[in-house]
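Single-structure report; data block below.
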Amino acid sequence: MITHLKLFTTAVKQLFQPPLTVRWPEERRNYGDRMRGFIVNDRSKCISCQLCEAVCPAKAIKFHLEADGRRYPGIDWGRCILCGYCVDACPTGSLQHVNNTEIVWTDLDVYKKPSEMDPDDAAPLPATKSLI
Amino acid sequence: MDFPSPLSGDLVAALVFPGVLGIFGFLVVAIWLERKLVARVQWRYGPLYVSRPLGGLLQPVADLFKLVFSELVLPRHTNRLLFAATPILLFFAEGLPVVFIAAAPGVVMAPHSYGLAIAVVLVLLVAVLMVAMAWTEADKFTYIGAMREILLTAAYEVPLLLAALAMFLLYGTADPHKVVEVQSGLWGVLLNPLAFVVYLVALLMATTRFPFEIPEAEPEVVLGPYTEYGSTLFIYAFGANYVKLYVLSLLGAVLFLGGWLPAAGVLGVLITLAKMGVFVLPAMLVRAIYPRYRIDQALRIGWGQLLALSAAAVLWSLLAAWIW
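Laid out in structure tokens, this is it:
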């Protein structure tokens, strides 16, 4: 009897705790500035040294030829483990993490093709409205 | 009771509370409350997206709509008429005891001097329909569920009956109005706390709430007696359980908590509704508290402690009535 009363009082106490879960997408957790989110490349700083490709443990980075005649690192997001080795290896700081892990690909081909992420695409999504 | 002229007490009882509107309203509110309470105990939000200002209250309504428009499957190997009829019968049979229970003075469909006793018996008889439903479904899970239902019924039936009997002996009547009148001094829960405890546990068993959620144990027998149903028939089959909870809470409120006292009329109805919460809220909350008992454990509780307690409650009542 005492045990059951204890169980009930515990449950009632828990009832008034604020929820821990996040109502995504209206609510987002703040992960801080040093979050290892998606990786973007600043082409004006990139020197195409290929160190990032060499250091990548998941073999996610492939260099591809762009219209300006230079090669840039493209990341296969199906392989990337967001470890950040490429960011550390980058001698000019052109590869950078963004504070965002919530990116949606609407096209499978774009997702599969190793390409750089446009920094604009890496901006956080605008909050979606609720249904009612 | 004085209502506007076209509305007499029994009409209000039949259409509003404790009748049709009460039952269907309870179905929606109880399902919402159950999900919400369990979610809050587990530090979640619970249903929220449908009707955010109301805290997701319309989620069960949306679910009901979804169920109504989903495909209705009547398996060929069953007796299809019975297959479709039994859940509907079950639903309304579970609601039948409401006819004899008063929610306020005069607000009763069929006033009868043995009203509450008839209600108790009707509640206990419905287990037969549940077994019939499981049998017409012709499925191994429903069969196992039905067997478990029978075992559990055997465990709670006698204590529930004895708990009610203890109160009838104490009050010397089973007329809902007189039962409440007798309680104008002290409520039944104080006059015979043993019977109240037995009634509460038997209520959890009868509505297969969590520690005794044995017939529809999801990891073991899918959904027990309700397994084969979908669409509207699922609403009737599964809703029957909530209707039973509704009926037993109403009965408990009248038997143990003084019904509509200390008010009468519309306020009395509201008070009865609030007192039902004393039975409904724990029944919702246990889902977040307890794991499931094994069948033998539940039976041991039913035939052991609960039966002993209910017998003691009857003795207590006899003594109290003798002294009184």
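For the protein sequence lines, the chains are A and B, in the order given.
Numbering-wise (the numbering used here), the first sequence opens with residue 3 and increments by one.
Numbering-wise (the numbering used here), the second sequence opens with residue -14 and increments by one.
In this text, a Cβ means the ideal position worked out from N, Cα and C, and glycines have one as well.
What does DSSP give as the partner residues of residue i in its beta bridges?
i: A/Phe65; result: A/Pro75
i: A/Asn43; result: A/Leu97
What's the gap between the Cα of residue i and the Cα of residue j?
i: B/Ser323; j: B/Phe50; result: Only positions -14 to 309 of chain B appear in this structure, which leaves residue 323 of chain B out of reach.
i: B/Thr192; j: A/Glu28; result: 38 Å
i: A/Thr130; j: A/Glu104; result: Note on A/Thr130: pLDDT 38, under 50, position unreliable in the model; the coordinate value appears next. So the two alpha carbons sit approximately 13 Å from each other.
i: B/Phe2; j: B/Ala88; result: 7 Å
i: B/Leu67; j: B/Phe219; result: 14 Å
i: B/Gly(-6); j: B/Gly4; result: 12 Å
i: A/Pro21; j: B/Trp28; result: 4 Å
i: A/Ser132; j: B/Tyr34; result: Here A/Ser132 scores only 32 on pLDDT, less than 50, and its place in the model is too uncertain to base an answer on.
i: B/Val113; j: B/Met132; result: 11 Å
i: B/Ile73; j: A/Phe10; result: 35 Å
i: B/Ala151; j: B/Ser36; result: 45 Å
i: B/Glu198; j: B/Tyr141; result: 13 Å
i: B/Ile274; j: A/Lys15; result: 12 Å
i: B/Phe181; j: B/Val239; result: 12 Å
i: B/His97; j: B/Val83; result: 12 Å
i: B/Gly289; j: B/Val111; result: 24 Å
i: B/Val265; j: B/Pro247; result: 21 Å
i: B/Glu19; j: B/Val167; result: 33 Å
i: B/Leu179; j: B/Leu146; result: 13 Å
i: B/Ser169; j: B/Pro276; result: 39 Å
i: B/Trp311; j: B/Tyr128; result: As shown, chain B starts at -14 and ends at 309. That puts residue 311 of chain B outside it, with no answer to give.
i: A/Ile134; j: B/Tyr30; result: Reliability of the predicted coordinates at A/Ile134 is poor, the pLDDT of 31 falling under 50, and the value obtained from them is presented with this limitation in mind. The straight-line gap from Cα to Cα measures roughly 17 Å.
i: B/Asp160; j: B/Pro90; result: 11 Å
i: B/Leu230; j: B/Val299; result: 24 Å
i: B/Arg25; j: A/Thr23; result: 10 Å
i: B/Val(-3); j: B/Thr257; result: 15 Å
i: A/Cys88; j: A/Arg25; result: 33 Å
i: A/Pro128; j: A/Trp79; result: Residue placement at A/Pro128 is flagged as unreliable, the pLDDT there being 47, under the threshold of 50; the coordinate-derived value follows with that caveat. Rounded to whole angstroms, A/Pro128 to A/Trp79 spans 22 Å at the Cα level.
i: B/Lys125; j: A/Ala60; result: 49 Å
i: B/Thr158; j: B/Gly244; result: 15 Å
i: B/Ala139; j: B/Val206; result: 20 Å
i: B/Glu56; j: B/Leu75; result: 21 Å
i: A/Glu55; j: A/Leu67; result: 14 Å
Are residue i and residue j closer than 7 Å when you measure CB to CB?
i: B/Tyr278; j: B/Pro196; result: yes
i: A/Gly34; j: A/Val100; result: no
i: B/Val39; j: B/Met269; result: Checking the displayed sequence, the identity of residue 39 of chain B turns out to be Leu instead of Val. No, Cβ-Cβ distance for B/Leu39 and B/Met269 is not below 7 Å.
i: B/Pro210; j: B/Met118; result: yes
i: A/Ala13; j: A/Val57; result: no
i: B/Phe85; j: B/Ala78; result: no
i: B/Tyr214; j: B/Ala222; result: yes
i: B/Asn226; j: B/Ser302; result: no
i: B/Pro172; j: B/Leu242; result: For clarity, residue 172 of chain B is Trp in the given sequence; the question names Pro instead. Cβ distance < 7 Å, so B/Trp172 and B/Leu242 count as in contact.
i: B/Leu107; j: B/Leu136; result: no
i: B/Ala102; j: B/Leu236; result: no
i: B/Ala296; j: B/Leu155; result: no
i: B/Gly224; j: B/Leu12; result: yes
i: A/Arg72; j: A/Ser50; result: yes
i: A/Ala62; j: A/Ile41; result: no
i: A/Leu110; j: A/Asn43; result: no
i: B/Leu109; j: B/Val183; result: no
i: B/Gly287; j: B/Pro200; result: no
i: A/Thr94; j: A/Lys47; result: yes
i: B/Val228; j: B/Ile8; result: yes
i: B/His369; j: B/Ala123; result: Outside the displayed range of chain B (-14 to 309) lies residue 369 of chain B, so it cannot be described from this structure.
i: B/Met261; j: B/Ser234; result: yes
What residue range does the alpha helix (DSSP H) around residue i cover?
i: B/Ile73; result: 65 to 80
i: B/Arg25; result: 5 to 26
i: B/Asp281; result: 280 to 286
i: B/Ser169; result: Unbroken run through B/Ser169: none, as it is neither H nor E.
i: B/Glu134; result: 125 to 156
i: B/Met115; result: 112 to 122
i: B/Glu205; result: 203 to 206
i: B/Asn226; result: 216 to 241
i: B/Asp48; result: 44 to 53
i: B/Ala180; result: 178 to 191
i: B/Ile274; result: 250 to 274
i: B/Ile308; result: 292 to 308
i: A/Phe10; result: 4 to 17
i: A/Cys85; result: It is not in any alpha helix (DSSP H) - A/Cys85 carries neither H nor E in the DSSP assignment.
i: B/Gly(-6); result: -6 to 0
Can residue i be considered in contact with the ligand SAH, in the sense that its beta carbon sits closer than 6 Å to one or more heavy atoms?
i: B/Leu208; result: No copy of the ligand SAH occurs in the structure displayed, which carries no ligand at all.
Checklist entry - Given a limit of 9 Å on CB to CB distance, which residues of the stretch 262 to 292 of chain B reach chain A? => result Cβ contacts with chain A: Pro267, Leu270, Val271, Ala273, Ile274, Tyr275.
Next on the checklist: So if I threshold CB-CB distances at 9 Å, which residues from the stretch 19 to 30 of chain B count as touching chain A?
Outcome noted: Within the stretch 19 to 30 of chain B, those residues whose Cβ lies closer than 9 Å to any Cβ of chain A are, in chain order, Leu22, Ala24, Arg25, Val26, Gln27, Trp28, Arg29, Tyr30.
Checklist entry - Name the residues in the stretch 145 to 161 of chain B whose C-beta lies less than 7 Å from a C-beta of chain A; which are they? => result Here the close residues number zero.
Checklist entry - Name the residues in the stretch 32 to 61 of chain B whose C-beta lies less than 9 Å from a C-beta of chain A; which are they? => result Contacts with chain A (Cβ-Cβ distance below 9 Å) from the stretch 32 to 61 of chain B involve Leu33, Tyr34, Val35, Ser36, Arg37, Pro38, Leu43, listed in chain order.
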